[in-house]
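Chains as they are written, first to last, in my numbering: chain X, 1 to 122; chain B, 1001 to 1457. Positions of the beta carbon are idealized from the N, C-alpha and C atoms, including for glycine.
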């Protein structure tokens, strides 16, 4: 599924923070986990993940350190800072609020199909 | 693509070529390229385990990383270290090569040099009254700085909107400053002459940003540019002074006194032309100063901390703090403005991804000391106000110190939170750029509103 650009931009931060809440990780792994968890439906342009990671690092939400991976290549690992955990909790609450509200709206409309045609939005 | 029958696909060479292409983009550092290369290789390994051949894996993996140009653009926004220019302006248009740019720079520099002599040649300078003395100090900023602005309007291809902005503000300021009926040696005249360059410099910044001050990264760029411009200009000035001194000396040996020629022509024309040249040099040779200027701030910051601390302690111990004389107050304000400049540049030249370090604690100390000194200055100004009432100078000093108080408090607060790990460095940068329009607005008030408010005295 193709997400709209705005939604993509808004959701990528909580996705990255959420994945890193399990412990530190590196870019490729993060991208793969997002793909898996979404059942392959969420497909980022992988290159765009890194500028995002760097931006979060600048905001103090992440901290990074270089390690040498098993393959012998240098690899940059990211982990949440205290500030990052704090920000994640905030974002969780916000997104839960949104999903709760949306699902209630959509459940309601399922139960009373047809009621939509009245001037509900006035 | 390198293909030969013996070796159908050389993935190492292919990756190396891909990486080389990445590194051409100046928005990406070597570390960024390392990180992306690791991603590419990891993806290729996974695909090859799935049964793809090396060349197929390379094609798919590099495709998945996205178009390199748009990825690099994204990087440039994040890094904000002036590199966006190389992306946005990396393709020179027809006729817009470096030769053409050099020609533009030379023409503008000569125009700036001529501009300062024009009033003399056209006999615009009034004779026999105080205006003759003050004409040049009052208009000084208006001769050179608009040409620096013009350079950026051309370089950034801002078009009509840029020209209108630049010529409009220049014209308005020129008219205002020269038609105000100032009384003899009015304080308000000197005040407006001091604050005028700040307003014009901001106009240059709006042109410099290339998108009319729209994005954070470009605002920070302009602050960096300003610092580097100052250093280049001082270097040029130093060289110019040495060169003219030697020339004057040599001509003196052969019995020719060219002192007048130097004072009347070479000095003013050189000073104006050098403005454009310095701006061009920062643009063209920025990588030179990028490594040097931050070192300078790191040298000067501790020195200023010591000076401010000593000053503060002396004032508190001797109890002189609350009875600042007029001259001391002026000196103090100049010192505080210099500190603010140092701070502006120090913040802008710092890599925002670095964790808090010793230098940041030092900066915080500098800000706090400046803040306390500013408070002392405000107390002194308040006392003078209650004693002598309002004057143009006191009003200007009050406004300046209040704005400094506000700005420095913000710096202190954001530095403190940054040092404690409560926020990233970007919040501090946001504060810094948000304050710029405030400084400019105040400068504009002093230039345009203060003279009529104090009836041009």
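Closest by C-alpha distance to residue 1166(B), when choosing among 1262(B), 1184(B), 1203(B): Counting from one through the second chain, the residue named residue 1166(B) turns up at place 166. For residue 1166(B), the nearest C-alpha among the options comes from 1203(B).
With 16 other Cβ atoms within 10 Å as the buried cut-off, status of residue 1094(B): By 1-based counting over the second chain, the position of residue 1094(B) is 94. Interpretation of residue 1094(B) is limited by its pLDDT of 42, a score under 50 that renders its predicted location unreliable; no figure is taken from the coordinates.
Minimum Cβ-Cβ distance from residue 76(X) to chain B less than 7 Å: One-based indexing of the first chain puts residue 76(X) at position 76. Closer than 7 Å: yes.
is_contact[residue 45(X), chain B] using C-beta, thresh 7 Å: Against the first chain, residue 45(X) aligns to sequence position 45. Judged by the 7 Å Cβ criterion, residue 45(X) is in contact with chain B.
Three or more C-beta pairs below 8 Å linking the segment 1053-1066 of chain B and the segment 1094-1113 of chain B: Because the criterion of three Cβ pairs below 8 Å is not met, the segment 1053-1066 of chain B and the segment 1094-1113 of chain B do not touch.
Residue 1011(B): contacting residues in chain X (beta-carbon distance under 7 Å): Locating residue 1011(B) in the second chain gives position 11, where the first residue counts as 1. In chain order: nothing, as chain X lies at least about 14 Å away.
Beta-ladder partner(s) of residue 66(X), from DSSP: Here the question's residue 66(X) lines up with position 66 in the first chain. Residue 66(X) has 76(X) as its beta-bridge partners, per DSSP.
Neighbourhood of residue 1180(B) by C-beta distance below 7 Å, restricted to the same chain and skipping five residues each side: Counted from its first residue, the second chain places residue 1180(B) at position 180. Excluding residues up to 5 positions away in sequence, 1451, 1456 lie with their Cβ nearer than 7 Å to the Cβ of residue 1180(B) in the same chain.
One or two residues paired with residue 25(X) in a DSSP bridge: Here the question's residue 25(X) lines up with position 25 in the first chain. DSSP, once it has assigned bridges, lists 78(X) as partnering residue 25(X).
Pairwise C-alpha distance: residue 1433(B) and residue 1340(B): Taking the second chain and counting its residues from 1, the one referred to as residue 1340(B) is at position 340. Taking the second chain and counting its residues from 1, the one referred to as residue 1433(B) is at position 433. When rounded, the distance between both Cα atoms is 13 Å.
Rounded distance between the beta-carbons of residue 27(X) and residue 49(X), thought under 8 Å: What you label residue 49(X) is simply residue 49 of the first chain in a count that begins at 1. What you label residue 27(X) is simply residue 27 of the first chain in a count that begins at 1. 6 Å between Cβ atoms; contact.
Three-state class that DSSP yields for residue 1043(B) in the structure shown: Taking the first residue of the second chain as 1, we reach residue 1043(B) at position 43. Helix at residue 1043(B).
7 Å Cβ cut-off: residues of chain X touching residue 1327(B): Position 327 of the second chain, counted from the start, is the residue given in the question as residue 1327(B). Near residue 1327(B) there are no residues of chain X at all, since even the closest Cβ is about 44 Å away, more than 7 Å.
CB contact check: residue 1357(B) to chain X, cutoff 7 Å: Taking the second chain and counting its residues from 1, the one referred to as residue 1357(B) is at position 357. Chain X, which has no Cβ nearer than 7 Å to the Cβ of residue 1357(B), makes this no.
Terminal residues of the alpha helix (DSSP H) in which residue 41(X) lies: The residue you call residue 41(X) lines up with position 41 of the first chain. Neither: residue 41(X) is in no alpha helix (DSSP H) and is coded neither H nor E.
Cβ contact check for the segment 57-70 of chain X and the segment 78-92 of chain X: 3 or more pairs under 8 Å: yes
Alpha-carbon to alpha-carbon, residue 64(X) and residue 77(X): Translated into positions along the first chain, residue 77(X) becomes position 77. Translated into positions along the first chain, residue 64(X) becomes position 64. Roughly 5 Å separates the two Cα atoms.
Burial state of residue 39(X), where buried means 16 or more other Cβ atoms lie within 10 Å: Reading the first chain from its first residue, position 39 is the one you call residue 39(X). Exposed, because fewer than 16 other Cβ atoms sit within 10 Å of the Cβ of residue 39(X).
Local Cβ density within 10 Å of residue 108(X), reported as buried at 16 or more and exposed below that: Here residue 108(X) refers to the residue found at position 108 when the first chain is read from its first residue. Exposed, since its Cβ has fewer than 16 Cβ neighbours within 10 Å.
Chain B within 7 Å of residue 59(X), Cβ atoms only: For the purposes of this step, residue 59(X) is taken as the residue at position 59 of the first chain. Taking Cβ atoms only, chain B reaches closer than 7 Å to residue 59(X), which makes this a yes.
Residue 1035(B) to residue 74(X) span [Cα, whole Å]: Residue 1035(B) sits at position 35 when you count from the first residue of the second chain. Residue 74(X) sits at position 74 when you count from the first residue of the first chain. Between residue 1035(B) and residue 74(X), the C-alpha separation is close to 8 Å.
Pairwise C-alpha distance: residue 1048(B) and residue 971(B): Outside the modelled stretch of chain B, which goes from 1001 to 1457, sits residue 971(B), for which no answer is possible.
Cβ separation of residue 1192(B) and residue 1446(B), assumed to be a contact under 8 Å, to the nearest whole Å: One-based indexing of the second chain puts residue 1192(B) at position 192. One-based indexing of the second chain puts residue 1446(B) at position 446. So it is a contact: roughly 6 Å between Cβ atoms.
Rounded Cβ spacing between residue 1198(B) and residue 1440(B) (contact assumed at less than 8 Å): Translated into positions along the second chain, residue 1198(B) becomes position 198. Translated into positions along the second chain, residue 1440(B) becomes position 440. Sure, about 6 Å apart at Cβ, within 8 Å.
Below-7 Å beta-carbon distance, residue 1065(B) vs any chain X residue: Taking the first residue of the second chain as 1, we reach residue 1065(B) at position 65. For residue 1065(B), a Cβ of chain X is located within less than 7 Å of the residue's own Cβ.
Rounded C-alpha distance that separates residue 1228(B) from residue 94(X): Taking the first residue of the second chain as position 1, residue 1228(B) is located at position 228. Taking the first residue of the first chain as position 1, residue 94(X) is located at position 94. For residue 1228(B) and residue 94(X), the distance between alpha carbons rounds to 43 Å.
Limits of the unbroken alpha helix (DSSP H) element including residue 1348(B): Within the second chain, residue 1348(B) is the residue found at index 348, counting from 1. Taken as a continuous stretch (DSSP letters only), the alpha helix (DSSP H) holding residue 1348(B) covers 1326-1348.
7 Å Cβ cutoff, residue 1039(B) in contact with chain X: Counting from one through the second chain, the residue named residue 1039(B) turns up at place 39. It does: the Cβ of residue 1039(B) has a partner Cβ on chain X nearer than 7 Å.
Within-7 Å CB hit, residue 1075(B) to chain X: Your numbering for residue 1075(B) matches position 75 in the second chain. Yes, because at least one Cβ of chain X sits closer than 7 Å to the Cβ of residue 1075(B).
Residue 1332(B) and residue 1274(B) closer than 7 Å at C-beta: Taking the first residue of the second chain as 1, we reach residue 1332(B) at position 332. Taking the first residue of the second chain as 1, we reach residue 1274(B) at position 274. In this structure, residue 1274(B) does not lie closer than 7 Å to residue 1332(B) by Cβ.
Endpoints, alpha helix (DSSP H) assigned at residue 1363(B): Walking along the second chain from the start, residue 1363(B) turns up at place 363. That run of the alpha helix (DSSP H) goes 1358-1388.
Closest Cα partner of residue 1206(B) within the set 1018(B), 1151(B), 1011(B): Counted from its first residue, the second chain places residue 1206(B) at position 206. Of 1018(B), 1151(B), 1011(B), the residue nearest in Cα terms is 1151(B).
Per-residue DSSP class, three states only, for residue 8(X): Residue numbering aside, residue 8(X) sits at position 8 when the first chain is read from its first letter. Three-state result, residue 8(X): helix.
Cα-Cα separation between residue 1005(B) and residue 1021(B), rounded to whole angstroms: The sequence position of residue 1005(B) within the second chain is 5, counting from 1. The sequence position of residue 1021(B) within the second chain is 21, counting from 1. In this prediction, residue 1005(B) has a pLDDT of 45, which is less than 50 and means its spatial position is unreliable; what the coordinates show is noted afterwards. C-alpha separation (whole angstroms): 25 Å.
Residue 10(X) vs residue 88(X) beta-carbon contact at 7 Å: Stepping through the first chain from its first residue, residue 10(X) is reached at position 10. Stepping through the first chain from its first residue, residue 88(X) is reached at position 88. No, the pair does not count as a contact, with Cβ atoms beyond the cut-off.
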